[in-house]
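When the letters of the sequence shown are read in order and numbered with this note's numbering, they come out as residues 83 to 608.
Where is the CB? At the ideal position from N, CA and C, for every residue including glycine.
Before any comments, here is the structure.
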Amino acid sequence: MGNGTLDYSIWQWIGISVLCGFAGALSVSWYLGAMRSDRGKTPAQSAGSDRCVLLFQGAELSSSSGCAENLVAEHAGDTDWSRLRQGLIDRFPRFPPTPDHVSPTGSTVIEPKDSADPWQVLIEPLHDVLRVELMPRAHGSIKSPTPSFFDHSMTLELGMLRDVTDGAPYPIWSIDAEGRVIWHNAAYAGLFSAARGKEPDPDNPLFADALAGRESGEAVRASIPLLNREEPGWFDVTGLHRDGAQMVYALDVASVVRAETAQRNFVQTLAKTFAQLSIGLAIFDRNMQLALFNPALIDLTSLPADFLSVRPNLLTFFDRLRDGHVMPEPKDYGTWREQMSSMVAAATDGSYCETWTLPSGSTYRVSGRPHPDGAVAFLFEDISAEVSLTRRFRADLEMSQNILDEFEDAVAVFTASGTLTVTNQAYRTLWNIDHDQVFAEITVIDAMRAWQEVGGVSPLWGELRDFVLGREDRTTWNAPLILADGQSYLCTVHPVQNGATMLRFAQTQTLPHHFTNGADRIADHG
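Structure representation (structure tokens):
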């Protein structure tokens, strides 16, 4: 008896389970059938029945109504679920990123971000299927009939676009085929009022003349007089043609125009300044084309102005200089280009400086200096007079030295600071000094050591040192001198200009034995 009752109960539970599974299958089939019947309907038709449903198996869409299917079809994503999320995320930020984030038990209601949005999302598990429904929010503030889900999205997007265009800091307006303003933003109204002192006039749009005949998307820079302002307003105006109408954008470039004007005035000022320079100036831009030159460059190089005005490149410029014998002829023309490249590299580093001796007899100093943005400047300076003066001065010095070397007396000149500056051959022979092997300055102290090595100890050396470095009692005087080898000399001390001192050692006959080195100082009044 007990066993029979137990068998009956088991079969009863098995029957109930089969019925439940069959009922669930019928429910899923009903939803699928209902959604298939909605396919082909427009979003408005589907929303009118408040049926906007999707069924997901995992992340892939298995079935949906036409209303919801558009959300998946119109967006990009790796899966159907991600495409649906892309369509809902702006209005429902809490929509789950994947089906795995959905609670496996119970329903999940996702409220919209905007409290005025009359729609909500319902997600509920149904066996191995996730059911997602877009449905109206159930509260009394929603007026009947409920607006379409897509109509509300368009309303939100339209409101956002209005906020964007109306809050744009640049004037935007639309013109119809007859040339009338059919829409404008707040910045356009502000510019119209600043320019004409009244509300925007649809029949008289701004920048109408500047836009006439322009291609779609072509920008034109135009000015407009502004009330209560001395300077006009400057704008880059662009018109886009759409279906017979024109959408116009105006970008304020007044600051750019002021900067360009300031730069142009600065360049003109520099040009006037450079025009007064006697040094030739040639500035090449980053592309190594001549960007700026002054009149002195024409005078020094004899290059025609029309050639310089066409902005030749650097190599062409120096080729013309070589052809005109305004630069030294290269020894090896095959390496000419390499020399030019090395010259540009040195000028870019600011280390290029050479002296050009020309066949005409002129001498130029040419230097290169870097400029901002990869530009380089070359300076041409005529130093013929300076070189001629230097050569004449050097010739005079050589002649004076030759004259001194012909003297039999040993001569030396010390500056006020005690530095030896001038000697003759007799002095160098007498004291056994070779100045060509001495690179450092020779002072009176160094000379004293040489005197002592040849002449021995004498009180005269101290007197000579004190006189050379002293500033008082600057009169000519003489003193006898007997060297260690017995030769006798007369040392004459002459003060010269700028505190310098000249010493002259003249060989004499043997002095009487009662004379001692430097003991007797004889004043020369003659």
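Alpha carbon of residue i to alpha carbon of residue j, nearest angstrom
i    : j    : result
R586 : T472 : 29 Å
S189 : A269 : 49 Å
E206 : P284 : 55 Å
T383 : R447 : 13 Å
A467 : H453 : 29 Å
R167 : G159 : 9 Å
M329 : G279 : 24 Å
S433 : E411 : 22 Å
E312 : T398 : 47 Å
T558 : D516 : 28 Å
R282 : L308 : The residue you asked about is not Arg; residue 282 is Pro in the sequence shown. Roughly 15 Å between the two C-alpha positions.
T437 : V408 : 12 Å
P179 : S164 : 7 Å
P175 : E193 : 9 Å
V100 : T187 : Confidence at V100 is low in this model, with a pLDDT of 38, below 50, so the placement of that residue should be treated as unreliable; the coordinate-derived value is given next. If you take the alpha carbons of V100 and T187, they lie about 22 Å apart.
A259 : N267 : 19 Å
A364 : N514 : 55 Å
D182 : A141 : 9 Å
R404 : M422 : 12 Å
A105 : G249 : Per-residue confidence for A105 stands at a pLDDT of 40, beneath the threshold of 50, marking its modelled position as unreliable; no derived number is given.
A129 : N152 : Unreliable positioning characterises A129 in this predicted model, as indicated by a pLDDT of 37, which lies under 50. The coordinate reading is nonetheless provided below. The alpha-carbon atoms of A129 and N152 are separated by roughly 12 Å.
N560 : Q591 : 16 Å
G500 : H576 : 14 Å
G315 : V338 : 11 Å
Per-residue burial, residue i [other beta carbons within 10 Å of its own, 16 or more giving buried]
i    : result
D162 : buried
H209 : exposed
A294 : exposed
F613 : Residue 613 lies beyond the range of the chain shown here (83 to 608); nothing can be said about it.
G215 : According to the sequence displayed, residue 215 carries Glu and not Gly. E215 is buried by the Cβ-count criterion.
V246 : exposed
F177 : buried
S146 : buried
P386 : exposed
S540 : buried
G169 : buried
V349 : exposed
R244 : exposed
F138 : buried
Assumed close pair residue i, residue j - CB separation to whole angstroms, cut-off 8 Å
i    : j    : result
G537 : L563 : 7 Å
V578 : R547 : Rounded, the Cβ-Cβ distance is 17 Å, inconsistent with contact.
I257 : P287 : 6 Å
L273 : G299 : Not quite, the Cβ-Cβ distance comes to about 21 Å (not below 8 Å), so this is no contact.
T574 : F549 : Between F549 and T574 the Cβ distance is about 12 Å, and since that is not below 8 Å, they are no contact.
Short Cβ contact (7 Å threshold) for residue i with residue j
i    : j    : result
V135 : L143 : no
E463 : I361 : yes
D491 : A588 : yes
V191 : L212 : no
S76  : L440 : Here the chain covers residues 83 to 608 and nothing more, so residue 76 does not appear.
F289 : V319 : yes
D478 : N506 : no
I524 : L551 : no
A494 : Y509 : yes
T497 : V458 : no
A304 : A292 : yes
R340 : D455 : no
Interface flag, residue i vs chain C, CB-CB below 7 Å
i    : result
S499 : No chain C is present in this structure, which holds just one protein chain.
Contact test: residue i Cβ vs the ligand ZN heavy atom, cutoff 6 Å
i    : result
L440 : Looking at this structure, you won't find the ligand ZN or any other ligand, since it has none at all.
Given 8 Å, three or more beta-carbon pairs between the segment 350 to 363 and the segment 324 to 335: no
Cβ contact check for the segment 388 to 407 and the segment 361 to 377: 3 or more pairs under 8 Å: yes
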